[in-house]
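Presented below is the structure to which this report refers.
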Amino acid sequence: MKACRSCGAELVHTFADLGMTPLSNAFLRADELGRKEPVYPLHAYVCGNCFLVQLEQFESPQQIFGEHYAYFSSYSDTWLDHARRYTGKMIERFGFGSNSQVIEIASNDGYLLQYFKQKGVPVLGIEPAKNVAEAAVAKGIPTLTRFFGVKTARELVAQGTRADLLLGNNVLAHVPDLNDFVAGMKLVLKPDGVITMEFPHLQHLIEENQFDTIYHEHFSYFSFLSAQRVFERHGLQVFDVEEIPTHGGSLRIYARHAERGGEPGGRVRELVARERRLKFEDLETYRAFASRVKETRRRLLEFLISAKRAGKKVVGYGAPAKGNTLLNYCGIGSDFLEFTVDRSPHKQGTFLPGTHIPVYAPERIDKVKPDYLLILPWNIKDEIVKQMAHIRSWGGKFVVPIPEVRVLD
Ligand SMILES: [Zn+2]
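Note that the numbering used here numbers the sequence shown so that position 73 is 62, with each residue one more than the last.
Here you go:
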């Protein structure tokens, strides 16, 4: 039996079945291309009891987020800007200073904590990927190379470290043992401490057809209602929520110990009411999604086939995890997309998992002068259109695949 990772109920209802694909961050080196790649079902279910959308876990987190995890946050300007603004906002709202402790779970290369450090606020990062944690330490951000959960929380408490601000951006979705993770947060939070967590909002995934954000490393897909249930189960009250534009539309939730009492704010009540109105507690809402996903694939393939027939050159921009879901599900290989480019030197010179499309440095675009540039990380398309505006000088056009294929003017 497949059990819901939040409430334990049996999982029987399909949300999206995207076939068998390799892990989306399993980039290949040239000498690995001839080997058989492990593939796993990419099949999202929705729990009929707590309505958490989720994937089964097929690989250990160690395997997925181990030493060679390729994501370095600092390579995106949009992210750095987001982190800088978040830091200012938290300091202003809650008055964190030199006597406070900020702890970030999944702190990556320290891209966010560096801004707290600049303001004189003590920081600690917790990051399981060794190469990424080392990059943070090299920048002067104290970082524990560890997965977070009750065990790590107890170690921190035993050494006298607890958080005034405990934050995790885009980590909740990646947690295999959700209840252990949230129970750990409860332990490591000071009595008056504040938790903030950011995660993509299921409302956008559904309404904007963002099925490519479903990938194996991303175990859970939260509505506000399903997230709130997890926190409440562990004695944490979600007292505020903001809707933010990152990753195509995310929520930033604020939680505190339920024992502190007090009512949640108006934005919490409004969002609960909206999600009930949108029928997020009705299975039919989730079933309707599957057919839209199939139609999106047909339209993208139609575009690519007609572009190729017309003799056009199509290349990709970016090598994000979501791009790999999209390309593998749609069966798009280098016959359609000659190559893609990425600013991260860690991805350059590799090949995309499954499709084996080569990844180069962005300069390659200027040599090849493609007719169409397919933007795979559509969530930062504005940044990319600005960076690559010069493709228009040879008549190049930008294309986004989601919510459906569209040539940008
Ligand atoms: Zn459930």
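Here a beta-carbon is modelled for each residue, glycine too, at the ideal position from N, C-alpha and C.
**OP:** Give the secondary structure of I294 by DSSP, where H, G and I count as helix, E and B as strand, and everything else as coil.
**Re:** I294: helix per DSSP, three-state reduction.
**OP:** For ligand 1, enumerate in chain order all residues having a CB closer than 6 Å to any of its heavy atoms.
**Re:** Answer in sequence order: C(-7), S(-5), C(-4), A(-2), C36, N38, C39 and L41.
**OP:** My understanding is that F269 touches S209, with C-beta atoms under 8 Å, so please give their C-beta distance in whole angstroms.
**Re:** About 14 Å; that fails the 8 Å criterion.
**OP:** Under 8 Å Cβ to Cβ from D153, same chain only, skipping five residues before and after it: list those, please.
**Re:** Around D153: F83, F85, S89, Q90, V91, K179, D181, G182 and V183.
**OP:** Taking the CB atoms as reference points, tell me whether Y275 and H2 lie closer together than 8 Å.
**Re:** Their beta carbons are under 8 Å apart, which means Y275 touches H2 by this criterion.
**OP:** From the DSSP output, read off the bridge partner residues of A33.
**Re:** A33 pairs with A5 and L44.
**OP:** Look at the Cβ atom of G173, then the Cβ atom of G138, and state whether they are nearer than 8 Å.
**Re:** In this structure, the beta-carbon distance from G173 to G138 falls below 8 Å.
Subject >> As assigned by DSSP and simplified to three states, the class of T314 >> reply: Helix, per DSSP.
Subject >> Counted within 10 angstroms of its Cβ, other Cβ atoms place P27 as buried (16 or more) or exposed >> reply: Burial call: exposed.
Original post:
Would L365 pass as a contact of G312 if the rule is Cβ separation under 8 Å?
Top reply: A contact, by the Cβ cut-off of 8 Å.
**OP:** Could you tell me which of H163, K108, A15 and V146 sits nearest to P117, measuring between CA atoms?
**Re:** Selected option, being the one with the closest Cα: H163.
Subject >> Range covered by the beta strand (DSSP E) that runs through T185 >> reply: Its beta strand (DSSP E) spans residues L178 to P189.
Original post:
So, is the C-beta of V257 closer than 8 Å to a C-beta in chain B?
Top reply: Considering every chain present, this structure includes no chain B. It has just one protein chain.
Original post:
Three or more beta-carbon pairs under 8 Å between the stretch 306 to 320 and the stretch 365 to 375, yes or no?
Top reply: The answer is yes - the stretch 365 to 375 touches the stretch 306 to 320, with three or more Cβ pairs under 8 Å.
**OP:** Put V348 into one of helix, strand or coil per three-state DSSP.
**Re:** Three-state DSSP puts V348 in a strand.
Original post:
Pick from A277, L225 and P234: whose alpha carbon is nearest that of Y243?
Top reply: The candidate whose alpha carbon is nearest that of Y243 is L225.
**OP:** Can you give me the start and stop residues for the alpha helix (DSSP H) that S239 sits inside?
**Re:** In the DSSP assignment, S239 falls outside any alpha helix (DSSP H) and within the unbroken beta strand (DSSP E) covering S239 to H246.
Original post:
Span of the alpha helix (DSSP H) holding A142?
Top reply: Looking at the DSSP string, the run of the alpha helix (DSSP H) that includes A142 is V139 to A147.
Original post:
So who's on the other strand from T132, going by DSSP bridges?
Top reply: Per DSSP, G114.
Original post:
Do V348 and V374 come within 8 Å of each other at the CB atom, strictly closer than that value?
Top reply: Here V374 is not near V348, since their CB atoms are 8 Å or more apart.
**OP:** Using beta-carbon positions only, say whether G99 and I130 come within less than 8 Å of one another.
**Re:** Contact annotation: G99 and I130 have beta-carbon atoms nearer than 8 Å.
Subject >> L326 versus A122 - alpha carbon distance >> reply: Distance between the alpha carbons of L326 and A122: 33 Å.
Original post:
Do you know offhand how far H246's Cα is from K175's?
Top reply: H246 and K175 have their C-alpha atoms spaced approximately 7 Å apart.
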